[in-house]
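Residue numbers (full-length UniProt numbering): 1 to 515.
Backbone N, C-alpha and C fix where the C-beta goes; we use that ideal spot for every residue, glycine too.
Here the structure comes first, spelled out in C-alpha cells, and everything after it is commentary.
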C-alpha cells in the first residue's frame, strides 16, 4: 500500500504532518508490513506446490480422454498469462515518478506468475492429480493459486476499510476455509463426509461474503462524503467481487449435478479465471484503490484541520491570558512608581516654599534636600519610563517618540545627578558640554536612557580615574545637504572592551554579560 502522496509519507521520505501522532505511526506500520505480504504469499504458494508435487500421487488412470484434450486450452491460458507477466515486468522496470502505480503493479504481477505456473503444469501434465468423485480431477495447484490470490485481494480490500487486524485475519481465514473444505469434499470417500465438507465450504463462503461486504460498505460510506464517483466505483467493484467468486462455486455445483460436462467446465473455468484476474488486477481495481487512499487522505486532512483549529484556539486563549496578565502587571508596577514621583513633586514644592522664606544657613540645608528630592524624582521618572518601555515591548507596541524642546546642558546635568551615586571612590565625572549649544526637538526619556546606559556602564567598570561626557557639533552630509550633527562621546579610564565582547553589544540578549 502506497502512502498518501499529499503528505509525503513514502518509505524514504520525511513525514510532514507530525501532528497526526498515532494515526501516522499506524500508517507507517501498515506500509512496512505490506512490503512483505507478496513475499509471504509467494513463499506459502511455492512451499505448498512442492509438497503437492512430492506427496500427492499421480493417478493417470483417472484422467479421462476428454480431459486430455484440454491441454491445448491450458497451453493457451499459460501463454496469455506469460505475455501479461512480461508486460508487467517491463512496466515495473521502467523509471517512473509515480511510486504508487509502480507498487500497485506488484500485485497483478504475482497473480499472473501464479496463473502461468498453474496452467503450464496443467498443459504439460506435471501437476499432480487426485482421483475424485465422478471421474472429476481436482488440481491442487489451481486451488492453491486461487486461495493465495483471493486472500491477497481480501487483504487489500481490508486496508481501505476501518476493520481491525483481527477482522482482517478472520476474513482471510474464511477465504482459505472455502478452498480447504472444497478440497476435502473432492477427496472424501463417503457421501456423508462429502456433503459435510461441501456445506462447510458454502457456509465459509457466505460468512466471507458478509465480511467482504462489511469492508466495502465501510469504505463506501467514507468515500461518499468526499466523492460520489469514488463511492460508485467501490460499489461496482464490491458487487463484481462477490458475483465473480460466487460463479466459481456455481460452476462446481453445475458440474456435480451433471448440468455441464467436464470439458465445458474446463472452458468456463478458464474464462472465469481470466475475467476475474482482469477484474482484480486491472484499471478498475487500481482506481478503486486510489479512491480508498483519497478517502483516507481526506480523513487525515480533516483531522489535521481539526488539530490546527484546536491549537489556534489554545494559542488565542494563551494570548488573551497574557494580555490580561500584562494589564494587571502594568497597573501594579505603575501605581507605586507614580506614587514616588507624586510624593517627590509634593516634597519639592514644600521645600522650595520653605527655602524662599528661611535664613541663609537654613536655605543651604534646604538646597541640599532639594537636590536629593530632585534626584529621587528623576529616578522615579526614569523607572516609570523603563516600566512603560518593557510593558510596551510585551504587548508588541511600536515605540512612539514624545518630542519636546531639549537643552544639552540641562539634559547632561540631569543624567549626571543620577550617575554620580554610582561612581566608585576616587572616580570623577566631568561634563564637557558647551553652554552655547543650540536646543533641539527630541524624546527626553529616550535620550536620558541612552546617556544613563553609557555613563552607568563606564561607572561600573572604572574603579579609578575619571569619566568624561563630551557633546559637540560637527558638520555632515544628510540626504545631500550640509547639516550640523550632535556627537556624544563618553570616555573613561576603565578596562578596555575586548573585541570578542564588542560583537555582542547590539544583540537583544547577549549570551554573556559584557565585561
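Considering only C-alpha positions, which residue in the set the options is nearest to residue i?
{"i": "residue 216", "options": "487, 194, 240", "result": "240"}
{"i": "residue 405", "options": "445, 380, 384, 420", "result": "445"}
{"i": "residue 375", "options": "174, 407, 415, 447", "result": "415"}
{"i": "residue 276", "options": "81, 203, 496", "result": "81"}
{"i": "residue 465", "options": "426, 487, 439", "result": "426"}
{"i": "residue 382", "options": "407, 411, 369", "result": "411"}
{"i": "residue 234", "options": "220, 245, 246", "result": "220"}
{"i": "residue 407", "options": "471, 450, 424, 417", "result": "471"}
{"i": "residue 146", "options": "272, 448, 352, 423", "result": "272"}
{"i": "residue 209", "options": "254, 154, 180", "result": "154"}
{"i": "residue 421", "options": "379, 434, 432, 449", "result": "379"}
{"i": "residue 76", "options": "423, 270, 172, 166", "result": "270"}
{"i": "residue 218", "options": "238, 204, 190, 450", "result": "238"}
{"i": "residue 173", "options": "313, 211, 433", "result": "211"}
{"i": "residue 447", "options": "432, 317, 487", "result": "487"}
Can you list, in chain order, the residues of its chain with a C-beta nearer than 7 Å to that of residue i? Leave out the 5 residues immediately preceding and following it.
{"i": "residue 188", "result": "194, 197"}
{"i": "residue 419", "result": "429, 452, 455, 456, 459"}
{"i": "residue 546", "result": "Lying before the first or after the last residue shown, residue 546 is absent from the chain, which here runs from 1 to 515."}
{"i": "residue 78", "result": "116, 119, 120, 123"}
{"i": "residue 149", "result": "111, 114"}
{"i": "residue 423", "result": "429, 459"}
Pull the bridge partners of residue i from the DSSP assignment, please.
{"i": "residue 472", "result": "487"}
{"i": "residue 404", "result": "442"}
{"i": "residue 430", "result": "468"}
{"i": "residue 492", "result": "467"}
Pull up the distance between the alpha-carbon of residue i and that of residue j, whole angstroms please.
{"i": "residue 476", "j": "residue 460", "result": "33 Å"}
{"i": "residue 482", "j": "residue 473", "result": "13 Å"}
{"i": "residue 83", "j": "residue 308", "result": "51 Å"}
{"i": "residue 328", "j": "residue 319", "result": "14 Å"}
{"i": "residue 68", "j": "residue 300", "result": "Low confidence applies here, because residue 68 scores a pLDDT of 48, under 50, leaving its location unreliable; read the following figure in that light. Cα to Cα, the separation comes out at about 56 Å."}
{"i": "residue 403", "j": "residue 310", "result": "45 Å"}
{"i": "residue 442", "j": "residue 400", "result": "12 Å"}
{"i": "residue 206", "j": "residue 315", "result": "54 Å"}
{"i": "residue 175", "j": "residue 90", "result": "32 Å"}
{"i": "residue 86", "j": "residue 305", "result": "45 Å"}
{"i": "residue 436", "j": "residue 347", "result": "33 Å"}
{"i": "residue 164", "j": "residue 170", "result": "10 Å"}
{"i": "residue 133", "j": "residue 182", "result": "In this prediction, residue 133 scores a pLDDT of 39, lower than 50, which makes its location untrustworthy; the coordinate-derived value is nonetheless stated afterwards. Cα-Cα distance, rounded: 12 Å."}
{"i": "residue 386", "j": "residue 462", "result": "25 Å"}
{"i": "residue 251", "j": "residue 274", "result": "15 Å"}
{"i": "residue 440", "j": "residue 321", "result": "42 Å"}
{"i": "residue 325", "j": "residue 340", "result": "23 Å"}
{"i": "residue 228", "j": "residue 213", "result": "18 Å"}
{"i": "residue 438", "j": "residue 468", "result": "21 Å"}
{"i": "residue 265", "j": "residue 278", "result": "20 Å"}
{"i": "residue 34", "j": "residue 236", "result": "Confidence in residue 34 is poor, its pLDDT being 48 and thus under 50, which makes the residue's placement unreliable; the coordinate value appears in the next sentence. Approximately 25 Å between the Cα atoms of the pair."}
{"i": "residue 352", "j": "residue 409", "result": "23 Å"}
{"i": "residue 257", "j": "residue 263", "result": "15 Å"}
{"i": "residue 185", "j": "residue 232", "result": "38 Å"}
{"i": "residue 417", "j": "residue 373", "result": "11 Å"}
{"i": "residue 158", "j": "residue 180", "result": "22 Å"}
{"i": "residue 249", "j": "residue 204", "result": "12 Å"}
{"i": "residue 25", "j": "residue 449", "result": "For residue 25, the predicted structure reports a pLDDT of 42, less than 50, and the residue's modelled location is therefore unreliable. A value from the coordinates is still provided. Those two C-alpha atoms are separated by around 55 Å."}
{"i": "residue 312", "j": "residue 323", "result": "16 Å"}
{"i": "residue 538", "j": "residue 168", "result": "Here the chain has residues from 1 to 515 only, and residue 538 is not among them."}
Would you decide whether residue i is buried or exposed? Buried here means 16 or more other CB atoms lie within 10 Å of its CB.
{"i": "residue 192", "result": "exposed"}
{"i": "residue 523", "result": "Here the chain covers residues 1 to 515 and nothing more, so residue 523 does not appear."}
{"i": "residue 201", "result": "buried"}
{"i": "residue 413", "result": "exposed"}
{"i": "residue 489", "result": "exposed"}
{"i": "residue 267", "result": "exposed"}
{"i": "residue 122", "result": "buried"}
{"i": "residue 74", "result": "buried"}
{"i": "residue 178", "result": "buried"}
{"i": "residue 32", "result": "Note on residue 32: pLDDT 42, under 50, position unreliable in the model; the coordinate value appears next. Classification of residue 32: exposed, given that the 10 Å Cβ count is below 16."}
{"i": "residue 243", "result": "exposed"}
{"i": "residue 494", "result": "buried"}
{"i": "residue 492", "result": "buried"}
{"i": "residue 302", "result": "exposed"}
{"i": "residue 94", "result": "exposed"}
Once you ignore the five residues that flank residue i on each side, which residues in its own chain have a CB closer than 8 Å to its CB?
{"i": "residue 88", "result": "105, 108, 109, 112"}
Please work out which residues of its chain come closer than 6 Å, Cβ to Cβ, to residue i, disregarding the five sequence neighbours upstream and downstream, and give them in chain order.
{"i": "residue 496", "result": "none"}
{"i": "residue 485", "result": "474, 476"}
{"i": "residue 260", "result": "254"}
{"i": "residue 72", "result": "none"}
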